[in-house]
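Mind the numbering: the sequence shown is residues 1 to 209 in full-length UniProt numbering, read in order. Note that CB positions come from ideal geometry on N, CA and C, so glycine has one too. Note that the structure is a prediction, hence the values are computed from the model and not measured. Working notes, structure below.
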Amino acid sequence: MGTVVDAAIKDANGSLPSHKKVTVVFVLGGPGSGKGTQCANIVEHFGYTHLSAGDLLRAEIKSGSENGTMIQNMIKEGKIVPSEVTIRLLQRAIQESGNDKFLIDGFPRNEENRAAFESVTGIVPEFVLFFDCSEEEMERRLLSRNQGREDDNIDTIRKRFKVFLESSLPVIDYYDSKGKVRKIDATKPIEEVFETVKALFTPLSDKVI
Ligand code: UDP
Ligand code: MG
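The structure is reproduced here in structure tokens:
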């Protein structure tokens, strides 16, 4: 893994990463559990910068990057893109931002993502927001959201659910064993979910709302 780590650092900024002190909250949950929707609310109320790993990967495809075709094929199959690619994009977004607090949405998706991110960036999350939602409800949301995403079809959705159960839940278990998971019932309506989310962020906030 040493090679992967060195390459990720060099490719991101051509030198060692800066050591600005950052607060990171990982936002995890199955596809369609409401991560993106709730992140937008958190940004508005608490001044975080929202970094969606999926959005960064989709932007990378659009930019015509040499990895674009590989990323596109993996997303179509619901597979997890190699860590060094995703970490480089996240690292660059963190470094380019003027902010010092970030919501990282949809990452880490497996144990290897998690371990590589921690060792490359040295960042340990403040806590992990876990949106717990039934597959039935997630499937309904994904099939009705019409965002023109190539992976919001029933075949890919099934694959994404399987990857979530097999690869992403162990990451949540890992952080749970460290007492870092804040589990939210995400089957409820958006406003109700946000009430619960708000209560978790308020003690961290230096802004009165
Ligand atoms: N993806 C990935 N690594 C990440 C985040 C996303 O490989 O860290 C890929 C993966 O193929 C996933 C797709 O991007 O199925 C869409 O991810 P996103 O988080 O946008 O969607 P969600 O599954 O949360 O609806
Ligand atoms: Mg999303």
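Measuring CA to CA, which of the options is closest to residue i?
i: G78; options: T23, L90 and G106; result: G106
i: D173; options: P108, K62 and I61; result: P108
i: F201; options: G36, V128 and N67; result: V128
i: F161; options: E150, E139 and N146; result: E139
i: E84; options: F164, E112 and A59; result: E112
i: L165; options: P31, G179 and F26; result: P31
i: L204; options: G36, H45, K188 and E118; result: H45
i: S119; options: R88, D155, E137 and D100; result: R88
Expressed to the nearest angstrom, what Euclidean distance is found between the alpha-carbon atoms of residue i and residue j?
i: E195; j: P170; result: 27 Å
i: L28; j: R182; result: 10 Å
i: G122; j: N153; result: 37 Å
i: M74; j: L143; result: 20 Å
i: N67; j: I61; result: 7 Å
i: K178; j: M70; result: 34 Å
Check whether the Cβ of residue i lies closer than 7 Å to any heavy atom of the ligand MG, and answer yes or no.
i: D105; result: yes
i: K35; result: yes
i: S52; result: yes
Measuring only from the beta carbon, is residue i closer than 7 Å to any heavy atom that is part of the ligand UDP?
i: K62; result: no
i: N113; result: yes
i: M70; result: no
i: P31; result: yes
i: D173; result: no
i: V120; result: no
(request) Count the CB pairs spanning the segment 50–60 and the segment 123–142 that are closer than 8 Å, and state whether there are at least three. (result) The segment 50–60 vs the segment 123–142: no contact.
(message) Tell me whether the segment 87–98 and the segment 137–155 touch, counting them as touching only if at least three CB pairs, one residue from each stretch, are closer than 8 Å.
(response) No, they do not touch.
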